[in-house]
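J.: Structure in structure tokens, see below.
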Amino acid sequence: MSTVKLGGTQAWWVWGLAVAFVIYLFSVQTGYSIVNPDIQKSVSLTVTQVATIAATYTWAFAICQFFGGALLDRLGAHKVLPASVVLVTLGVFIFANASSYSMLLLSQFVMALGACTGFVGAGYIGGQWFGMAKFSLMFGLVQFCASLSSAFSVNALQWGLQQMDWRTLFYYVGVFGIGLTVLAFLFLRNPEPVQRSEQGFGSFIGSVISALVDVAKLPHVWISALICSALFGSLLAGGVVWAPKLLLVLGASPETAAFSSSLLWLGLAAGCLVLPAWSDKMKKRKPLIIVGCVVQLACAGALLYVPGIAIPAAMAMCFFFGVANAAHMLTFSSAADVVPPQLIGTSAAFVNGLAFIAGGIMIAAPGARVVSGQAAGLPEHTLALAEYAAEPIMIALGIALVLALIMRESYPKQP
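Residues 1 to 415 in my numbering are what the sequence shown spells out, letter by letter.
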């Protein structure tokens, strides 16, 4: 059997399809921040239910995520990723047809089940088709493409909602998923077939759990995962639900508030284009992670605690928060630095899984605090209520900074 050339035209095509899947699922997820007011009216939901729907996707995604990377390590891309595209597409159609709170929750669970291998799968494809020496760079490019597309998809969905109702809009999104499914079955694969294992189902599950345990034994992986959890969880909370609502409180128009969500993702895209490459050039991870934590704390603090902040300044804070949030990508690289090559997928899934568990908590927590704050007498749609609701996010970012300061430098030493 001839060896497939790494880094060639075929490599870019396969990687591009994997990234297209990530773009698809990110767009669906961030699109919820745009359509949730329409869904709230259509299905008669409370604010807490709106936040819980978003958090359900995140929690289900996180739990499944722990197994996604290990499945890729053992089965390969062709047996995992096409089936994942099918599940996400099915979830989109359930979402478009949802007429109750329970159906909306089901749609999020099905989408999450498929999406759990998307982001990690694209990183895995990059490592397989371009070599592990370019893992950090290719993973950064995955997040760059996903974030950039999320920013534009928010505006595209906003435009779409002006042309049609939210159900029709998501029918079209589902049709795109069908086309992506066909391409995934035809082309998504490893450069060389993954060696087949003769072990039974029980032994297979045991090997997956064993790989997770091996990764979880490393304290540095936990530190990286917890930092990623705080950083990316805060971005999810803002980008999926809360940033537009905060901008409305600050006095922005609905259109400007919606655009603020896309600025978070645009900032993340810009940061992912720069920080991973900068890290490789510096041959360091830790300093950029520390700076990222500091900048995010400063931006969030300005949005919440600077009296009378101008809307253009608030939008700039959203953008720079996103730029600094790209530091969370370096936690994937840092975790990968300390594990054997055969556990790269598992380590990425472990970090991403914890990040999305935190994301689910950080999406839902402000909603619960809005309810308790109103019960305590804080007026609705005020900055005081927003400050109270955002306290868990600020605390998480502070913890991330402390962990970044005490973590060790993991960049591989050159021989």
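Glycine included, C-beta positions come from ideal geometry on N, C-alpha and C.
#1: Compare the Cα-Cα distances from K423 to each of G271, A376, T56, Y411 and report the closest residue.
#2: Hey, how far is the Cα of A51 from the Cα of K5?
#3: Pull up the distance between the alpha-carbon of L231 and that of L137, whole angstroms please.
#4: Using CA atoms only, rank isn't needed, just tell me which of Y171, H78, C145 is closest to P193.
#5: What ranges does the alpha helix (DSSP H) occupy inside the region 105 to 186, keeping only unbroken runs of at least 4 residues that lie completely in it?
#6: May I have the straight-line CA-CA distance separating G118 from S150, to the nearest angstrom?
#7: Just to confirm the assignment: which complete alpha helix (DSSP H) runs, minimum length 4, are found wholly within the region 7 to 94?
#8: As a quick exercise: from I290, L304, A225, L288, pick the residue whose alpha carbon is nearest that of L250.
#9: Report buried or exposed for K286, applying the criterion of at least 16 other Cβ atoms within 10 angstroms of its Cβ.
#10: For the candidate residues S261, L378, K283, G123, whose alpha-carbon lies nearest to that of Q29?
#11: Mind checking H381: buried by the 16 CB within 10 Å criterion, or exposed?
#12: Can you tell me which of G322, S253, A313, Q296 puts its alpha carbon nearest to the alpha carbon of V274?
#13: With DSSP as the reference, label S100 as helix, strand or coil.
#14: Between C293 and A404, how many whole angstroms is the CB-CB distance? I'm expecting something under 8 Å.
#15: Pop quiz: P276 and L330 are said to be a contact at Cβ under 8 Å. What is the actual Cβ separation, rounded to whole angstroms?
#16: Who are the near neighbours of S107 in its chain, counting only those whose CB is closer than 7 Å to its CB and skipping five residues on each side?
#17: For L212 versus T58, is the C-beta spacing smaller than 8 Å?
T.: Let's see:
#1: With the chain running from 1 to 415 in the structure shown, residue 423 is simply not present.
#2: The count along the sequence shown starts at 1 and reaches residue 51 at position 51. The count along the sequence shown starts at 1 and reaches residue 5 at position 5. Taking the straight line joining both Cα atoms gives about 46 Å.
#3: Counting from 1 along the sequence shown, the entry for residue 231 is found at position 231. Counting from 1 along the sequence shown, the entry for residue 137 is found at position 137. Near 20 Å, if we compare the C-alpha coordinates of L137 and L231.
#4: Along the sequence shown, read from residue 1 onward, the residue named residue 193 stands at position 193. Residue H78 is the option with its Cα nearest to P193.
#5: 118 to 130, 135 to 163
#6: Numbered from its first residue, the sequence shown carries residue 118 at position 118. Numbered from its first residue, the sequence shown carries residue 150 at position 150. So the two alpha carbons sit approximately 15 Å from each other.
#7: 9 to 43, 47 to 75
#8: Locating residue 250 in the sequence shown gives position 250, counting from the first residue. When each option's Cα is compared against that of L250, the closest is L304.
#9: Residue 286 sits at position 286 when you count from the first residue of the sequence shown. Buried.
#10: Taking the sequence shown and counting its residues from 1, the one referred to as residue 29 is at position 29. When each option's Cα is compared against that of Q29, the closest is S261.
#11: On the sequence shown, residue 381 is found 381 positions in, with the first residue counted as 1. Label assigned to H381: exposed.
#12: Taking the first residue of the sequence shown as 1, we reach residue 274 at position 274. The residue with the shortest Cα to Cα distance from V274 is G322.
#13: For the purposes of this step, residue 100 is taken as residue 100 along the sequence shown, with counting starting at 1. S100: coil per DSSP, three-state reduction.
#14: Indexing the sequence shown from 1 puts residue 293 at position 293. Indexing the sequence shown from 1 puts residue 404 at position 404. Indeed they touch by this definition, with Cβ atoms about 5 Å apart.
#15: Position 276 of the sequence shown, counted from the start, is the residue given in the question as residue 276. Position 330 of the sequence shown, counted from the start, is the residue given in the question as residue 330. Indeed, because the Cβ distance is near 7 Å, the residues count as touching under 8 Å.
#16: Residue numbering aside, residue 107 sits at position 107 when the sequence shown is read from its first letter. Hits under 7 Å: G91, I94, F95, A98.
#17: Translated into the one-based positions of the sequence shown, residue 212 becomes position 212. Translated into the one-based positions of the sequence shown, residue 58 becomes position 58. For L212 and T58, no; Cβs fall outside 8 Å.
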